[in-house]
Amino acid sequence: MALYWIYPSIFILYAFRPCQGLRNYPDNEVTLLDSVSALGDLGWEAYPAEGWEEISVMDERNTPMRTYQVCNVMEASQNNWLRTGLIPRHGAQRIYVEIKFTLRDCNSLPGVPGTCKETFNVYYHESNSDTPPPLRHLRESQYIKIDTIAADESFTQTDVGDRVMKLNTEVRDIGGLTKRGVYLAFQDLGACIALVSVRVFYKRCPLAVLNLARFADTVTGGDSALVEVRGTCLEDAEELEPTRMFCSADGGWLVPIGRCVCRPGFEEVDGRCQPCRSGFYKASAMDAYCVKCPPHSYSHQDKASECVCERGFYRAETDPRSMACTRPPSAPGTPISTSNETAVTLEWSPPRDSGGRGDVTYSVHCRKCSSESGVERCTPCGGSAHFSPRQFGLPLPRVLVTELLTRTTYSFSVEALNGVSHLSPSPRTLTTVNVTTSQAVSVVLKERRSKDSITLAWHGPDSSEGNVLEYEVTYYEKNQQDQNYTVLKTKANVMTVDGLKPGTTYVFRVRARTEGGHGNYGGEIELETSHEDMLAVGDPNQFTILLASVAGGIVLLVLLVACFVVSGRHCGYIKAKQDPEEEKMQFQHGRVSLPGSRTYIHPHTYEDPNQAVRDFAQEIDVSNIRIERVIGAGEFGEVCSGRLRLPSKREIHVAIKSLKAGYTEQQRRDFLSEASIMGQFEHPNIIRLEGVVTRCKPVMIITEYMENGSLDTFLKKHDGQFTVLQLLGMLRGISAGMQYLSEMNYVHRDLAARNILVNSNLVSKVSDFGLSRVLEDDPDAAYTTRGGKIPIRWTAPEAIAYRKFTSASDIWSYGIVMWEVISYGERPYWEMSNQDVIKAIDEGYRLPAPMDCPVVMHQLMLDCWEKNRSDRPKFGQIMATLDRLIRSPSCLKPLANSSWEEPPSPEAGVSTVEDWLESIKMSQYKEQFSGAGYVTLDSVLYVSASDLGKLGVSLAGHQKKILTSIQSLQDQQHQQQQTHVQV
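According to mature numbering (1 follows the signal peptide of the UniProt record, and there is no 0), the residues represented by the sequence shown are -21 to -1, 1 to 962, in order.
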């Protein structure tokens, strides 16, 4: 019978007291069954009837609660069963059972036989049916045992009298479920127990919103597998990079990847996309915020992705949406013409109003005019006229028109055009000038030819063209026009040209210069001098002349070479041998770039460094900044946190670097150079520059605020608190930022955990830009900068030895950062001096794997530390490796410091303990073994793990290696004994 005199039901009431608030469960738990929340009888099936008993009690808030108890401890051979109804699993592969109960100490029950128990069993049965077999036909083989439950705290009669109950809570899990639901069964074998509450639940990763992406409720996977979940962009957002996160087995989200951005017309405010207000717009999803409409444009409605141009203003298709609307230019100035017989040169001034654009070009329209019966008629010139450099799209306000007819009137109209002229319906404004060509000179007579002269005669232009001031005669030796020609002038219409070569053909041209300018050449004529030998053989005078000519030529050649060398040296043009990588680079306007890549511009290439700041950093009015508190100090001054509120933008949290008073102009330039570089970068894993303050004191640099500070300090503060996947997520962010910088051809030179900043979402961002490095003479020193020192222990060997900083040297530094992250901010190479670090690396030493470091991660570090820089991976390859590890976390399970390779078996020739330790690479313990008396191999055959601990072999891996080798020695001895017996 039940011992109610010992086990009063009043204790159930007090047992429930600690359960208040039981319904406030974590967000990542979904309850399938909660006995405390039942409004009526639980209706669970009990067998036999005198076993488990359902009772109703009131909690402190007078709410009825149902529970089960059993206390048949006076009778032996108890087997009392209690079974729940079907509990649907709702798709969960793993469920958890939480049992809260009280249990009576058997020793406190007087007269109870020795069969009294202080435990009970829990079973489950997976089924698709709502009607299981009755308990009276129960067979234990139909149920799977979950566990035997024992109480951590039991109560006694004294506890009941003192009204102090001790509640036990146990949680067990059931995995690999596939059917519709499960039945839970509780078996009592003779205990005095009360089930205060039974709750069945499964875990999920609750709905989360991150990076403008929504990740739905996700049921955790079976075992310890991660479930990859694709994110869905929030309303009015679009996917920039595929978003996904991993749901862990304990119901937590891990490693966010990718992000969404607000689509055009919307900006991010408090994690949501809000429409741009009237008068503002956002043209691209890559833009951060809505901005005010550019000049001569407007947006009267919200959600504007571009602003509409005002009447009379236009925007070309190729114009960026941020560009002000423009209009066609006004008419150009009246052309000034200079005409000859068949050519006209036109020049004009640019339009007074360019329409607000810099792409003004000019087009020239030509018409030929004639007068018939007193009426002037003009027709298009067609293809008869030739325009140089061209007729349409002229970049400069001038043109040469040739192949015109002489003594003909032409009308030239010039119009100015720009990129929006074709969009305007208004007629275009032309500027017109009329030009009449003159008559050309024609050669009609050749008077005389001799061996060294030719006489020419010609007709001049008509007198109506004006008085001829002079004639210009040009001639050159046929087939050598590009090498030499001669120009002679005369006022007569006849000329004798002397000093020609015998038997040589010359080409002559003649033109006249009148008051209207030069006319065109009247055509070419070829004339040949008479034949005669140029050099008589044996003539001493001629030989002397030839020798003098040759000598003079040699002297002239020597002078030319000397001038070239002197000129080259004066210009500083002495080309040194280039590195193969440097030969691939192009140097244009101060920027260094590889073909086809996006580059950054070094501020030092500017003659005026202030111009670099103006080009790349936004000037911020100091009234928009509110400084709140000092958070640190740098070389140039204090670092504060504060608030930035720009017009028409929301207030944001920022970090403020200020330049201390009393600075020099050089210090000011050095301080702002970092902003000039940082302003060129735009990437989620690069610290973002908000702007600068340069027009008042103190000079400031404003950046985004990173709540968790530097990565090394953050890791030290949270030592051991992150999963490997979370650490991988941080490293992936750093590699993404460095890949971006390498593609921009920017070499960081100071990549270290102290220069990585972490925000509240654990996003890592690369910082500290723009500091040039110089190697000191002191070999134990570091690279000095205007911002401090760069420790040798982060720097690649070639950068230390040859000052060769490349993306490959940044890869080396990234490997050190990986080591820092996995070791939670431990100092690389510990207390070794810089000189010792340089020597050790040169001899092939590399940092060992930190504690709990996966093998694949340490191997990636070693790849980054390859001595030959060409053998190191690129940042893109590192990104791909990290993504593969995140998708396959099982690859991270083998740890480098617990995966010792199997020790080699001792060679048969090994005869001493020292030789044996050498063969298994454990020679560092020679003195410990010899000092303890282990001097023969037979003496070490029975060394145990505890013996090794006494010898000072404390590392578990070293113990395993030695014990495995001792087992191998024992096997060898056993084989030798067997062989001896057979013989």
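Using N, Cα and C, we set each Cβ at its ideal position, and we do this for glycine too. Keep in mind that this is a model prediction, so the values were computed, not measured.
For this session: Return helix, strand or coil for residue 929, following the three-state DSSP convention.
Result: Here residue 929 sits in helix by DSSP.
Exercise. According to DSSP, is residue 390 helix, strand or coil?
Worked result: DSSP places residue 390 in strand when its eight states are reduced to three.
For this session: Compute the beta-carbon to beta-carbon distance between residue 486 and residue 507, rounded to the nearest angstrom, for a pair I have assumed lies under 8 Å.
Result: Not a contact, Cβ separation roughly 11 Å.
For this session: Starting from residue 795, trace the alpha helix (DSSP H) both ways and give me its first and last residue.
Result: Run containing residue 795: 786 to 801, per the alpha helix (DSSP H) assignment.
Problem set entry | Pairwise C-alpha distance: residue 61 and residue 42 | Distance between the alpha carbons of residue 42 and residue 61: 24 Å.
Exercise. What is the DSSP secondary structure of residue 747, counted as helix, strand or coil?
Worked result: Looking at residue 747 - three-state DSSP - the assignment turns out to be coil, as it is neither helix nor strand.
Exercise. Quick one, are the C-beta atoms of residue 390 and residue 360 less than 7 Å apart?
Worked result: For residue 390 and residue 360, no; Cβs fall outside 7 Å.
Exercise. Going along the chain, which unbroken runs of the beta strand (DSSP E) with 3 or more residues stay wholly within the stretch 158 to 224?
Worked result: If we require 3 residues or more, the beta strand (DSSP E) runs fully inside the stretch 158 to 224 come out as 160 to 167, 172 to 184, 187 to 189, 192 to 194 and 206 to 209.
Exercise. Among the residues of its own chain, which have a CB less than 6 Å from the CB of residue 13, if the five just before and after it don't count?
Worked result: Close CB contacts of residue 13 within its chain, under the 6 Å cut and outside five residues either way in sequence, are with 178 (chain order).
Exercise. Do three or more CB pairs link the stretch 824 to 838 to the stretch 731 to 742 at distances below 8 Å?
Worked result: No contact exists between the stretch 824 to 838 and the stretch 731 to 742.
Exercise. Among residues of its own chain, excluding the 5 on either side of residue 816, which ones have a beta-carbon nearer than 7 Å to its beta-carbon?
Worked result: Cβ within range, chain order: 771, 772 and 808.
Exercise. Hey, residue 611 and residue 695: beta-carbon distance below 7 Å or not?
Worked result: Cβ atoms of residue 611 and residue 695: not closer than 7 Å.
Exercise. Apart from the five residues on each side of it in sequence, which residues of its chain come closer than 6 Å, Cβ to Cβ, to residue 828?
Worked result: Excluding the 5 residues flanking it on each side, residue 828 has same chain C-beta neighbours closer than 6 Å at 837, 875 and 876, in chain order.
Problem set entry | Simplified DSSP assignment, three categories, for residue 734 | Helix.
For this session: Answer with buried or exposed for residue 655, where buried requires no fewer than 16 other C-beta atoms within 10 angstroms of its C-beta.
Result: By the 10 Å Cβ count, residue 655 comes out buried.
Exercise. Tell me which same chain residues have a C-beta within less than 6 Å of the C-beta of residue 648, skipping the five on either side of it?
Worked result: The residues are 588.
For this session: Grab the span of the beta strand (DSSP E) containing residue 974 for me, first residue to last.
Result: Since the displayed the chain opens at -21 and closes at 962, residue 974 lies outside it and no answer follows.
For this session: Please look up how many angstroms separate the CB atoms of residue 217 and residue 239, rounded, as I've assumed it's under 8 Å.
Result: With a beta-carbon spacing of about 6 Å, residue 217 and residue 239 fall inside the 8 Å limit used to define contacts.
For this session: Rank 841, 22 and 731 by C-alpha distance to the C-alpha of residue 800 and give the top, closest one.
Result: When only C-alpha atoms are compared, the closest one is 731.
Exercise. Ends of the alpha helix (DSSP H) at residue 595?
Worked result: Residue range 588 to 595 is occupied by the alpha helix (DSSP H) that includes residue 595.
Exercise. What span of residues does the alpha helix (DSSP H) with residue 837 cover, start to end?
Worked result: 834 to 843 is the extent of the alpha helix (DSSP H) around residue 837.
Problem set entry | Extent of the continuous beta strand (DSSP E) run through residue 601 | First-last for residue 601: undefined, no H or E at that position.
Exercise. If you draw a straight line from the C-alpha of residue 922 to the C-alpha of residue 813, how long is it?
Worked result: Going from the Cα of residue 922 to the Cα of residue 813 covers about 41 Å.
Exercise. Among 196, 792, 712 and 818, which one has its Cα closest to the Cα of residue 862?
Worked result: The residue with the shortest Cα to Cα distance from residue 862 is 712.
Exercise. For the putative contact between residue 150 and residue 101, defined by C-beta atoms under 8 Å, what is the C-beta separation to the nearest angstrom?
Worked result: Rounded, the Cβ-Cβ distance is 11 Å, inconsistent with contact.
For this session: Would you mind reading off the limits of the beta strand (DSSP E) that contains residue 468?
Result: Counting along the chain, the beta strand (DSSP E) containing residue 468 begins and ends at 465 to 469.
Problem set entry | Buried/exposed call for residue 541, threshold 16 Cβ in 10 Å | With a pLDDT of 42 at residue 541, under the threshold of 50, the modelled position of that residue is not reliable, and no figure is offered here.
For this session: Can you give me the Cβ contacts of residue 192 inside the same chain, cut-off strictly under 6 Å, excluding the 5 residues immediately before and after it?
Result: 210, 212, 222 and 239.
Exercise. To which residues of the same chain is residue 539 closer than 8 Å at the C-beta, ignoring the five residues directly before and after it?
Worked result: Confidence at residue 539 is low in this model, with a pLDDT of 42, below 50, so its placement is unreliable and no value can be given for it.
Exercise. Do residue 73 and residue 154 have their CB atoms nearer than 7 Å?
Worked result: It is a contact, given that the beta carbons lie within the stated cut-off.
For this session: Measuring alpha carbon to alpha carbon, tell me which of 307, 92 and 788 ends up nearest residue 726.
Result: The shortest C-alpha to C-alpha distance from residue 726 to any of 307, 92 and 788 is the one to 788.
Problem set entry | Counted within 10 angstroms of its Cβ, other Cβ atoms place residue 202 as buried (16 or more) or exposed | For residue 202, the number of other beta carbons within 10 angstroms of its own is below 16, and it is reported as exposed.
For this session: Could you tell me the distance, in whole angstroms, from the CA atom of residue 475 to the CA atom of residue 492?
Result: Using only the alpha carbons, I get a separation of about 19 Å.
Problem set entry | Assigned exposure category for residue 29 - 16 Cβ within 10 Å defines buried | When all chains shown are included, residue 29 counts as exposed.
For this session: Within the same chain, show all residues whose beta-carbon is closer than 8 Å to that of residue 756, passing over the 5 residues directly before and after it, in chain order.
Result: Unreliable placement is indicated for residue 756, whose pLDDT of 35 sits below 50; the coordinate value is still reported in the next sentence. Taken in chain order, the list of residues that qualify is empty.
Problem set entry | From 237, 200 and 242, residue whose alpha carbon lies closest to that of residue 228 | Comparing Cα positions, the closest option is 200.
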